[in-house]
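Engineer: One structure is given below, represented as structure tokens, and several questions about it will come after.
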Amino acid sequence: MTATEIAPVGAASPQHVPYRPPRAVRYGATAGLLVLLIAFPLVLPNPTVTSIGVFTMIYLIAAIGWNIFSGYSGYISIGHAAYYGIGQYTVALITIHAHLPGGWGLFGLLPVAGVVSALASIPIGFLLLRVRRHTFIVLTIAIMFILQLLAFNLTRFTNGSGGLTMPFPTWTGNFFNMPFYYVGLLAAVVAGAAAWWIRRSKYGLGLFAIRDDEERARGLGIKVTRSKLIAYAASAFFVGIAGGLYAPFVGSVYPQFAFDPTFDLAVAVLVFVGGIGTLSGPVLGALVLIPLQQYFYLQFGNANLYLIAYGVLFILILRLLPGGIVPGVTSAWRARLVARARARQEDTRPEDTGLKDDAGQKGRA
Amino acid sequence: MLILQAIIDGILIGGFYALMAAGLTLVFGVMEIVNFAQGILVVLGAYLSYALYSHLHIDPFLGLLITLPAMFLVGVVIYWTMIKPIRRDRVIMSLLTMFAVGTVIEGILDLIFTSNLVQTTTSYVNSSVQIGSLIFPEIYLYSFAMAVVLLSALYWLLYRTKFGRNLRAAMQNPTAARMVGIDIDRISAFTLGIGVSLAAAGGMVFGSTNSFDAASSYDLISRLLAIVIFGGFGSLSGALVASIVMLVIEDVVAVVWSPTWGQTTFYLVLILVLLVRPQGLFGRTAVRAQ
Amino acid sequence: MSVIQVTDLKKSYGGIHALSGCSMTFEDKAINGLIGPNGSGKTTLFNVITGYETADSGQVSLRGQDITNAKPDEVFEQGIGRTFQITRIFPRLTVLENVHVAAQRQGFVAQARGWDSAAERERAMEVLEFVGLARLAPEIAGDLSYGQQKLLEFAFITMARPSVILLDEPAGGVNPSLLRHISDRIRALNSEGVTFIIVEHDMEFVMRLCDQVLVMHQGSALTSGPPEQVRSDPAVLEAYLGTGPKEGS
Ligand SMILES: Nc1ncnc2c1ncn2[C@@H]1O[C@H](COP(=O)(O)OP(=O)(O)OP(=O)(O)O)[C@@H](O)[C@H]1O
Ligand SMILES: [Mg+2]
Numbered sequence: 001m002t003a004t005e006i007a008p009v010g011a012a013s014p015q016h017v018p019y020r021p022p023r024a025v026r027y028g029a030t031a032g033l034l035v036l037l038i039a040f041p042l043v044l045p046n047p048t049v050t051s052i053g054v055f056t057m058i059y060l061i062a063a064i065g066w067n068i069f070s071g072y073s074g075y076i077s078i079g080h081a082a083y084y085g086i087g088q089y090t091v092a093l094i095t096i097h098a099h100l101p102g103g104w105g106l107f108g109l110l111p112v113a114g115v116v117s118a119l120a121s122i123p124i125g126f127l128l129l130r131v132r133r134h135t136f137i138v139l140t141i142a143i144m145f146i147l148q149l150l151a152f153n154l155t156r157f158t159n160g161s162g163g164l165t166m167p168f169p170t171w172t173g174n175f176f177n178m179p180f181y182y183v184g185l186l187a188a189v190v191a192g193a194a195a196w197w198i199r200r201s202k203y204g205l206g207l208f209a210i211r212d213d214e215e216r217a218r219g220l221g222i223k224v225t226r227s228k229l230i231a232y233a234a235s236a237f238f239v240g241i242a243g244g245l246y247a248p249f250v251g252s253v254y255p256q257f258a259f260d261p262t263f264d265l266a267v268a269v270l271v272f273v274g275g276i277g278t279l280s281g282p283v284l285g286a287l288v289l290i291p292l293q294q295y296f297y298l299q300f301g302n303a304n305l306y307l308i309a310y311g312v313l314f315i316l317i318l319r320l321l322p323g324g325i326v327p328g329v330t331s332a333w334r335a336r337l338v339a340r341a342r343a344r345q346e347d348t349r350p351e352d353t354g355l356k357d358d359a360g361q362k363g364r365a
Numbered sequence: 366m367l368i369l370q371a372i373i374d375g376i377l378i379g380g381f382y383a384l385m386a387a388g389l390t391l392v393f394g395v396m397e398i399v400n401f402a403q404g405i406l407v408v409l410g411a412y413l414s415y416a417l418y419s420h421l422h423i424d425p426f427l428g429l430l431i432t433l434p435a436m437f438l439v440g441v442v443i444y445w446t447m448i449k450p451i452r453r454d455r456v457i458m459s460l461l462t463m464f465a466v467g468t469v470i471e472g473i474l475d476l477i478f479t480s481n482l483v484q485t486t487t488s489y490v491n492s493s494v495q496i497g498s499l500i501f502p503e504i505y506l507y508s509f510a511m512a513v514v515l516l517s518a519l520y521w522l523l524y525r526t527k528f529g530r531n532l533r534a535a536m537q538n539p540t541a542a543r544m545v546g547i548d549i550d551r552i553s554a555f556t557l558g559i560g561v562s563l564a565a566a567g568g569m570v571f572g573s574t575n576s577f578d579a580a581s582s583y584d585l586i587s588r589l590l591a592i593v594i595f596g597g598f599g600s601l602s603g604a605l606v607a608s609i610v611m612l613v614i615e616d617v618v619a620v621v622w623s624p625t626w627g628q629t630t631f632y633l634v635l636i637l638v639l640l641v642r643p644q645g646l647f648g649r650t651a652v653r654a655q
Numbered sequence: 656m657s658v659i660q661v662t663d664l665k666k667s668y669g670g671i672h673a674l675s676g677c678s679m680t681f682e683d684k685a686i687n688g689l690i691g692p693n694g695s696g697k698t699t700l701f702n703v704i705t706g707y708e709t710a711d712s713g714q715v716s717l718r719g720q721d722i723t724n725a726k727p728d729e730v731f732e733q734g735i736g737r738t739f740q741i742t743r744i745f746p747r748l749t750v751l752e753n754v755h756v757a758a759q760r761q762g763f764v765a766q767a768r769g770w771d772s773a774a775e776r777e778r779a780m781e782v783l784e785f786v787g788l789a790r791l792a793p794e795i796a797g798d799l800s801y802g803q804q805k806l807l808e809f810a811f812i813t814m815a816r817p818s819v820i821l822l823d824e825p826a827g828g829v830n831p832s833l834l835r836h837i838s839d840r841i842r843a844l845n846s847e848g849v850t851f852i853i854v855e856h857d858m859e860f861v862m863r864l865c866d867q868v869l870v871m872h873q874g875s876a877l878t879s880g881p882p883e884q885v886r887s888d889p890a891v892l893e894a895y896l897g898t899g900p901k902e903g904s
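Chains as they are written, first to last, in my numbering: chain A, 1 to 365; chain B, 366 to 655; chain C, 656 to 904.
This is the structure in structure tokens:
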């Protein structure tokens with residue numbers, strides 16, 4: 001006779017309905033997606049299409065990285081373009097000063113871009129993470145603008161508004177985009193693996209605890225400051241890599257495109273649309289939204305029409321999918337399972353389930 | 366003497382920055398909404414004054430009688446159509462929404478006015494009053510006076526009227542305010558209206574003293590956010606003090622060192638202040654429970 | 656022997672003196688009851704001991720070692736765990752994950768490993784079983800009822816095997832048969848050497864369970880002693896009835 005049986009707790013609870021699809025489904029979907037992403041440029045080698053693919057990879061890396069910090073810890077940063085910019089300038093400056101030729105060699109600088117961004121993020125994070133919520137959000141934006149201003153003003157290093165020009169690789173035709181695409185995909189896979197690992201580690205559990213109740217987590221022995229700072233640096237690392245890929249791809253670096261406020265918000269919107277704090281959310285968000293956004297860009301080459309279309313798209317998405325695709329779909333799917341389990345139970349034992357109805361709302365995937 | 370001149374310039378210019386920042390901080394204080402569109406709304410106000418002046422020859426100050434109510438309406442409409450429907454993660458969702466709204470406005474302004482820089486050049490833009498060796502540009506004097514009038518009106522509204530009392534109650538505890546029958550939605554819509562009109566008033570001066578286009582909004586929003594953080598988010602007096610401090614620092618640095626470093630110096634001061642007081646000069650709490 | 660000793664603690668919020676020179680000694684390996692009228696400063700005392708609030712003045716010591724104003728994580732590492740009057744669990748994590756949060760691990764490698772190691776999982780299920788929540792382990796904690804959340808918080812505190820457990824109104828909102836179950840659990844842990852300090856308004860619960868009862872009134876200690884003695888102390892009765900004769904004692 002164990003305590004479970006004597007205690008009248010959740011005695012009538014039904015069979016547990018899982019919050020996520022079965023493992024086989026999840027792993028199968030991941031593998032399928034990976035195959036699709038690998039095959040995509042081979043099937044559609046048109047450079048207009050593959051360049052959309054490259055931008056998608058850049059944002060995918062950034063979104064996964066951003067989610068590691070903001071999604072897991074609950075601290076929303078709208079200033080990660082700071083690291084996008086640092087990544088870009090790192091690659092550009094090294095390339096120019098070391099007189100590196102364009103081409104494969106530049107991809108070797110990606111880890112450097114990541115490390116420099118992560119290092120820069122430590123003092124910045126130390127300053128930022130002393131505040132919370134709105135103040136934190138706004139400070140992240142402010143820091144981003146400060147860096148942008150520095151990029152404009154430190155003309156000796158950055159050439160100010162004149163920008164820096166990168167050497168172009170000698171690749172031509174349909175092949176030009178391929179190396180960028182596949183390296184981007186590789187980086188995205190690495191980022192995804194890191195996000196997955198952190199998600200299921202003890203450390204990651206601490207981050208989620210911080211998201212739910214930081215003071216409580218601290219009272220259970222979690223080193224909250226250190227945890228947040230590590231997550232912040234990890235996300236800066238991946239966003240820096242995204243920047244390091246962007247610079248050689250477009251061939252130039254300008255302060256307003258390196259430290260770009262629209263990048264900040266775009267990444268946040270991607271992740272919110274996909275499902276913040278989930279593993280698949282940033283992936284879905286980036287794979288759906290960036291091609292759409294790039295399509296708009298190509299359709300309305302005229303900057304102002306593009307801005308209007310983009311803004312309206314954002315508003316519609318925020319309105320229609322406020323909780324994100326992944327949580328929305330999983331909770332709907334789970335609600336069906338719960339209803340079915342309940343119906344089955346009602347046949348045998350008409351009792352309360354002990355679970356509130358909104359159970360599915362918080363499903364994670 | 367140059368430094369004294371710089372300080373005076375800073376204070377005078379700080380006046381109309383205070384208007385724009387007050388709008389931002391007020392909206393935040395009441396609704397916890399970071400109005401990321403405030404920059405482009407300032408530019409919208411500037412374009413309205415510009416259009417009235419260049420097409421209908423209405424003096425920009427006089428034109429405020431048209432632009433302020435118009436912009437008030439814009440704010441109210443944005444509240445009801447964009448902010449009100451947000452159900453969850455209000456803080457971040459409203460920020461993202463306001464950003465999206467700002468993007469649309471930016472696109473529309475760019476479409477109508479193109480990206481050629483313009484300026485509202487009234488007859489008094491380049492005239493000034495001289496006292497001793499100190500120069501007081503007329504436009505700054507007028508705009509400072511206007512800022513004083515509008516901000517006094519705002520203080521009167523907040524601290525001397527029933528509406529103001531309800532608004533402050535809503536700022537401190539929205540749930541309790543709702544329970545005693547205060548209509549939060551009406552107050553919020555009204556507040557966003559006021560915030561946006563203040564942006565327009567500031568924008569009128571901005572458009573008369575700078576040449577601008579739609580993209581000027583990014584520089585504006587970054588300055589306004591910095592001012593509001595420096596003063597303490599949600600604090601009106603903080604925003605006023607911070608505006609003047611920012612512009613004085615900028616102008617003095619420009620004189621004694623170089624104009625390019627003025628704004629950067631202010632940001633460095635901001636970081637130093639935040640190291641000591643993360644909540645800003647007049648911020649209410651250091652750390653809010655999540 | 657004393658385990659936690661507070662000396663002349665003071666804490667005020669604006670004009671309110673939540674603690675006004677509070678001195679108390681909690682006995683080691685005992686079940687200490689801490690009672691007092693609403694607003695007498697019990698929760699504030701817990702907050703100061705566990706580092707959630709900083710004292711204006713005074714000392715807190717754990718087995719002779721000074722821990723005044725230590726941070727909550729440091730206090731926890733010293734072996735003091737607590738629950739909150741208004742439960743604080745992690746609402747978006749599952750019940751099982753909640754319990755695992757409290758399982759301590761040191762070192763970088765250990766932190767990087769999966770959160771549900773077999774050994775920890777076994778212990779977590781055991782702890783949940785004790786409060787009867789084992790079957791709800793995979794559910795989202797925020798979906799539990801209030802009483803269940805209270806039990807969950809109690810469960811995850813015990814996960815880390817603290818040597819001292821501070822419970823703030825464990826009986827609030829928990830049904831009587833379950834309450835008996837909690838009492839049993841407290842006694843069992845106590846017999847393994849865990850010290851308890853329990854704030855509770857349910858006098859039956861306190862009198863039945865505690866070895867020593869301490870009474871707070873208006874931010875300081877009023878009296879202390881075995882349950883029977885405290886129960887029959889007229890000063891305690893007066894404090895509860897609100898005549899407040901012992902101001903500033
Ligand atoms: N954060 C705070 N700000 C202002 N006053 C506070 C705060 N925390 C506690 N107080 C005040 O301190 C006094 C003691 O509060 P405390 O919560 O410690 O009482 P308590 O003994 O736990 O009461 P109860 O039995 O009702 O839980 C009360 O008067 C309370 O109003
Ligand atoms: Mg209490």
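Glycine residues also receive a C-beta, built at the ideal position from the N, C-alpha and C atoms.
Keep in mind that this is a model prediction, so the values were computed, not measured.
So, is the C-beta of aspartate 264 of chain A closer than 7 Å to a C-beta in chain C?
Structural biologist: By 1-based counting over the first sequence, the position of residue 264 of chain A is 264. Taking Cβ atoms only, chain C never reaches closer than 7 Å to aspartate 264 of chain A, which makes this a no.
Engineer: Less than 6 Å between the CB of lysine 697 of chain C and some heavy atom of ligand 2, yes or no?
Structural biologist: Here residue 697 of chain C is taken as the residue at index 42 of the third sequence, counted from 1. Yes, Cβ of lysine 697 of chain C sits closer than 6 Å to a heavy atom of ligand 2.
Engineer: Cβ atoms of valine 750 of chain C and alanine 792 of chain C: under 7 Å apart, would you say?
Structural biologist: Residue mapping note: residue 792 of chain C aligns to position 137 of the third sequence, counting from 1. Residue mapping note: residue 750 of chain C aligns to position 95 of the third sequence, counting from 1. Going by C-beta atoms, alanine 792 of chain C is nearer than 7 Å to valine 750 of chain C.
Engineer: What I want to know is whether the C-beta of glutamine 873 of chain C ends up closer than 6 Å to one or more non-hydrogen atoms of ligand 2.
Structural biologist: The sequence position of residue 873 of chain C within the third sequence is 218, counting from 1. Checking every heavy atom of ligand 2 against the Cβ of glutamine 873 of chain C, none is found closer than 6 Å.
Engineer: Below 8 Å on the Cβ atoms is my contact criterion, and I expect alanine 725 of chain C with glycine 706 of chain C to pass it. Report the Cβ-Cβ distance as a whole number of Å.
Structural biologist: Reading the third sequence from its first residue, position 70 is the one you call residue 725 of chain C. Reading the third sequence from its first residue, position 51 is the one you call residue 706 of chain C. Confirmed, Cβ separation roughly 5 Å.
Engineer: Consult DSSP for phenylalanine 126 of chain A and reduce its assignment to one of helix, strand or coil.
Structural biologist: To locate residue 126 of chain A, count along the first sequence from 1; it is residue 126. Here phenylalanine 126 of chain A sits in helix by DSSP.
Engineer: Comparing alpha-carbon positions, which option in A:Gly79, A:Pro123, A:Ala339, A:Pro47 lies nearest phenylalanine 136 of chain A?
Structural biologist: Mapped onto the first sequence, residue 136 of chain A falls at position 136. Ranking the options by Cα distance to phenylalanine 136 of chain A, first place goes to A:Gly79.
Engineer: Rounded to whole angstroms, what's the CA-CA distance from leucine 340 of chain A to proline 327 of chain A? Just pull it up for me.
Structural biologist: Against the first sequence, residue 340 of chain A aligns to sequence position 340. Against the first sequence, residue 327 of chain A aligns to sequence position 327. Checking the sequence shown, residue 340 of chain A turns out to be arginine, not leucine. Using only the alpha carbons, I get a separation of about 20 Å.
Engineer: Contact between the region 549-558 of chain B and the region 440-450 of chain B is defined here as three or more beta-carbon pairs at a separation below 8 Å; is this criterion met?
Structural biologist: At 8 Å Cβ cutoff, the stretches touch.
Engineer: When you check each C-beta in the region 452-474 of chain B against every C-beta of chain A, which residues fall closer than 9 Å?
Structural biologist: Of all residues in the region 452-474 of chain B, Arg452, Arg453, Asp454, Val456, Ile457, Met458, Leu460, Leu461, Thr462, Phe464, Ala465, Val466, Gly467, Thr468, Val469, Ile470, Glu471, Gly472, Ile473, Leu474 have a Cβ within less than 9 Å of some Cβ in chain A.
Engineer: If contact means a Cβ-Cβ distance below 8 Å, which residues of the region 68-79 of chain A contact chain C?
Structural biologist: Answer set for the region 68-79 of chain A: empty.
Engineer: Report the option in B:Ser562, B:Asp475, B:Gly597, B:Leu391 whose CA atom is closest to the CA atom of phenylalanine 647 of chain B.
Structural biologist: The count along the second sequence starts at 1 and reaches residue 647 of chain B at position 282. Among B:Ser562, B:Asp475, B:Gly597, B:Leu391, the Cα nearest to that of phenylalanine 647 of chain B is on B:Gly597.
Engineer: Considering only the beta carbon of each residue, do glutamate 808 of chain C and threonine 699 of chain C sit closer than 7 Å?
Structural biologist: Position 153 of the third sequence holds residue 808 of chain C. Position 44 of the third sequence holds residue 699 of chain C. It is not a contact, given that the beta carbons lie outside the stated cut-off.
Engineer: Can you list the residues of chain B that alanine 335 of chain A reaches, using a CB-CB cut of under 7 Å?
Structural biologist: For the purposes of this step, residue 335 of chain A is taken as the residue at position 335 of the first sequence. Chain B residues near alanine 335 of chain A: none, gap ~17 Å exceeds 7 Å.
Engineer: In angstroms, rounded to a whole number, what distance separates the CA positions of serine 51 of chain A and valine 271 of chain A?
Structural biologist: Here residue 51 of chain A refers to the residue found at position 51 of the first sequence. Here residue 271 of chain A refers to the residue found at position 271 of the first sequence. If I take the Cα positions, the gap works out to 22 Å.
Engineer: Can you list, in chain order, the residues of its chain whose CB lies under 6 Å from that of phenylalanine 681 of chain C, leaving out five sequence neighbours each side?
Structural biologist: Residue numbering aside, residue 681 of chain C sits at position 26 when the third sequence is read from its first letter. Closer than 6 Å at the Cβ level, and outside the excluded window around phenylalanine 681 of chain C, lie Val658, Ile659, Asn687, Ile852.
Engineer: Is the beta carbon of tyrosine 415 of chain B sitting closer than 7 Å to the one on glycine 568 of chain B?
Structural biologist: Here residue 415 of chain B refers to the residue found at position 50 when the second sequence is read from its first residue. Here residue 568 of chain B refers to the residue found at position 203 when the second sequence is read from its first residue. No, the Cβ-Cβ distance between tyrosine 415 of chain B and glycine 568 of chain B is not below 7 Å.
Engineer: Taking the alpha carbon of alanine 142 of chain A as the reference point, which residue from B:Ile376, B:Leu377, B:Val634 has its own alpha carbon closest?
Structural biologist: Position 142 of the first sequence, counting from 1, holds the residue named residue 142 of chain A. Nearest of B:Ile376, B:Leu377, B:Val634 to alanine 142 of chain A, Cα basis: B:Val634.
Engineer: Can you list, in chain order, the residues of the region 396-429 of chain B whose Cβ is nearer than 7 Å to any Cβ on chain A?
Structural biologist: Those residues of the region 396-429 of chain B that come within reach of chain A (Cβ to Cβ, closer than 7 Å) are Glu397, Val399.
Engineer: Can you find a heavy atom of ligand 2 that lies under 6 Å from the Cβ of glutamine 345 of chain A?
Structural biologist: Against the first sequence, residue 345 of chain A aligns to sequence position 345. False, no ligand heavy atom lies under 6 Å from that Cβ.
Engineer: Across which residues does DSSP place leucine 689 of chain C in a beta bridge pair?
Structural biologist: Walking along the third sequence from the start, residue 689 of chain C turns up at place 34. According to DSSP, leucine 689 of chain C bridges with C:Val854, C:Leu869.
Engineer: What are the residues that DSSP puts in a beta bridge with valine 253 of chain A?
Structural biologist: Taking the first residue of the first sequence as position 1, residue 253 of chain A is located at position 253. A:Leu164, per the DSSP bridge assignment.
Engineer: Give the DSSP bridge partners of leucine 502 of chain B, in chain order.
Structural biologist: For this step, residue 502 of chain B is matched to residue 137 along the second sequence. It should be noted that the sequence gives proline, not leucine, for residue 502 of chain B. In the DSSP output, where bridge partners are listed per residue, proline 502 of chain B has B:Ser493.
Engineer: Are there three or more Cβ pairs, one per stretch, closer than 8 Å when the region 237-257 of chain A is compared with the region 175-191 of chain A?
Structural biologist: Enough Cβ pairs lie closer than 8 Å, so yes.
Engineer: Could you name the residues of chain C that arginine 342 of chain A contacts, counting a contact when the two beta carbons are closer than 7 Å?
Structural biologist: Indexing the first sequence from 1 puts residue 342 of chain A at position 342. The premise fails here: arginine 342 of chain A is roughly 14 Å from chain C at the closest Cβ pair, so nothing lies under 7 Å.
Engineer: Could you check if glutamine 676 of chain B is buried or exposed, using at least 16 other CB atoms within 10 Å of its CB as the buried criterion?
Structural biologist: Because chain B spans 366 through 655 in this model, residue 676 of chain B falls outside it and cannot be assessed.
Engineer: Do three or more CB pairs link the region 821-832 of chain C to the region 745-762 of chain C at distances below 8 Å?
Structural biologist: No: fewer than three Cβ pairs fall under 8 Å.
Engineer: Apart from the five residues on each side of it in sequence, which residues of its chain come closer than 8 Å, Cβ to Cβ, to glycine 379 of chain B?
Structural biologist: Here residue 379 of chain B refers to the residue found at position 14 of the second sequence. Same-chain partners within the cutoff: Ser608, Ile609, Val610, Met611, Leu612, Val613.
Engineer: Helix, strand or coil: which one does DSSP assign to threonine 353 of chain A?
Structural biologist: Counting from one through the first sequence, the residue named residue 353 of chain A turns up at place 353. For threonine 353 of chain A, the pLDDT reaches just 45, beneath the cut-off of 50, and the residue's location in the model is therefore unreliable, although a value from the coordinates is still provided. Residue state, collapsed to three classes: coil.
Engineer: For ligand 1, I want to know if serine 668 of chain C counts as a neighbour, meaning its beta carbon is within less than 6 Å of at least one of the ligand's heavy atoms.
Structural biologist: Here residue 668 of chain C corresponds to residue number 13 of the third sequence, with the count starting at 1. As written in the sequence, residue 668 of chain C is tyrosine, which differs from the serine given in the question. Within the cutoff, so yes.
Engineer: Taking 6 Å as the line, does the beta carbon of glycine 694 of chain C fall inside it for any heavy atom of ligand 1?
Structural biologist: Mapped onto the third sequence, residue 694 of chain C falls at position 39. Yes; taking the cut-off as 6 Å, the Cβ of glycine 694 of chain C has a heavy atom of ligand 1 nearer than that.
Engineer: Report yes or no: do the region 619-638 of chain B and the region 581-600 of chain B share at least 3 C-beta pairs separated by less than 8 Å?
Structural biologist: Taking 8 Å as the limit for Cβ pairs, the verdict is that the region 581-600 of chain B does touch the region 619-638 of chain B.
Engineer: How big is the Cα-Cα spacing for glycine 114 of chain A and alanine 234 of chain A?
Structural biologist: For the purposes of this step, residue 114 of chain A is taken as residue 114 along the first sequence, with counting starting at 1. For the purposes of this step, residue 234 of chain A is taken as residue 234 along the first sequence, with counting starting at 1. Going by the C-alpha atoms only, they are around 9 Å apart.
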